[in-house]
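In this note's numbering, the protein residues as written are 1 to 436. We put the beta carbon where it would ideally sit given N, CA and C, even for glycine.
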């Protein structure tokens with residue numbers, strides 16, 4: 001642990017303790033839903049006073065100034081999609097104050113959006129992050145080995161260098177070692193293990209697909225890895241790709257394997273617990289399932305219960321979950337069993353390089369001209385399908401290629417093919433990687 005890490009733990013301790021005490025109370029279902037409704041109505045009053053999109057929506061649909069029940073809310077409030085945010089981004093921002101930063105996402109949906117945000121939003125969800133990790137004995141001063149994408153390395157120019165330096169300094173201060181998850185070849189995975197052994201972290205976190213490949217590549221190093229004494233292996237950003245992924249990782253490192261559930265747009269919404277299943281941080285987000293959809297899982301809709309620059313109201317996040325076997329209603333969820341799907345893929349290049357699909361997200365998501373994208377692989381040949389707002393500018397093409405080249409030289413001239421729509425599955429889902 002570092003001095004800055006100790007300071008961070010000391011500063012966050014009261015907030016995490018308060019959040020822990022809140023959830024430790026024995027809430028009945030009725031009490032929980034009533035509390036959430038009270039929080040929502042507080043936000044709704046503010047939203048209809050400061051967000052032009054919802055001011056107009058309230059008038060058009062004759063929505064109440066205050067909702068009497070969650071049943072009324074679900075019956076009258078329309079669902080928000082990524083397309084809604086793409087089309088009405090400016091009107092969905094609060095006029096109270098300017099945004100502090102942009103949440104940029106593409107992820108497994110291959111539909112990049114930029115969501116303006118306030119720094120206070122991060123402060124609202126940070127206690128939930130450390131509460132979930134504390135269930136496994138991980139705290140704000142614990143040393144972290146992070147197998148992740150490095151989008152801060154892809155920019156160009158002076159500002160990019162400054163951002164990179166600041167990121168590296170912050171990581172060093174709080175005890176974080178970042179290792180790129182873009183390259184998933186066995187040599188890269190073994191290099192990650194070597195760096196991890198030298199760093200000696202308290203816990204490991206990474207893209208779930210990258211962690212799975214790490215476990216399959218380095219099984220022979222089990223003895224060395226168990227000597228690290230990790231407290232937790234934490235998967236995030238996507239589901240594990242195989243039914244035995246978590247078991248393999250647990251056996252390799254000799255510790256529990258957990259999962260965070262959230263998104264770039266939301267931050268953390270739920271966390272696995274050692275007893276199994278996910279606990280929802282329902283003080284922060286109201287989670288419901290879309291009962292109009294059909295399928296194996298239940299599509300998730302998210303409503304924020306705290307002040308946001310862009311409030312999320314019945315936002316279809318693109319994930320499906322399975323619910324607990326209980327008589328609990330399918331809204332205001334306090335727990336669920338597991339997340340289905342949302343497993344990002346990988347791409348094979350002609351030189352044998354294996355790239356995590358998230359690397360393409362980081363190269364494209366900054367561009368406001370791009371509505372959607374898809375990687376098409378035919379053997380070792382690849383191209384990117386780009387669904388632009390109009391026509392992709394020369395400047396945008398040049399910057400996308402520059403960012404791709406930083407990930408791997410073979411991507412410097414990958415074809416960018418403009419299309420009107422992306423290929424979808426029979427279920428209507430858009431895969432990030434398509435095999436031709």
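In the structure shown, the three-state DSSP call for residue 241 is coil. C-alpha of residue 9 to C-alpha of residue 205: approximately 19 Å in a straight line.
As DSSP reads the structure, residue 387 sits in a beta bridge with 372.
Contact between residue 190 and residue 218 holds: their C-beta atoms lie close to 6 Å from each other, under 8 Å. The C-beta distance from residue 407 to residue 182 rounds to 5 Å, short enough to fall under 8 Å. Closest by C-alpha distance to residue 268, out of 231, 371, 122, is 122. Taking the CA atoms as reference points, residue 186 sits about 40 Å from residue 282. Residue 216: member of the alpha helix (DSSP H) spanning 208 to 217, first to last residue. According to the DSSP assignment, residue 269 belongs to the beta strand (DSSP E) that extends over 267 to 272. By DSSP's assignment, residue 16 forms no beta bridge with any residue. Per the coordinates, the alpha-carbon of residue 286 lies some 25 Å from the alpha-carbon of residue 98. Our two residues, residue 96 and residue 3, have alpha carbons roughly 37 Å apart in a direct line. By DSSP's assignment, residue 177 forms a beta bridge with 145. Under the 8 Å Cβ criterion, the segment 395 to 402 counts as touching the segment 362 to 375, having at least three qualifying pairs.
In the three-state reduction of the DSSP assignment, residue 377 falls in the strand class, which pools E and B. The residue among 179, 79, 324, 229 with its C-alpha nearest the C-alpha of residue 54 is 79.
Put simply, the segment 234 to 250 touches the segment 199 to 213. At least three CB pairs are less than 8 Å apart.
Ranked by how close their Cα comes to the Cα of residue 194, the residues 221, 116, 163, 230 have 221 in first place. The alpha carbon of residue 77 has as its nearest neighbour, out of 411, 391, 12, 312, the alpha carbon of 312. DSSP, reduced to helix, strand and coil, places residue 263 within a strand of the structure shown. Following the DSSP letters along the chain, one finds residue 304 inside the beta strand (DSSP E) bounded by residues 298 to 304.
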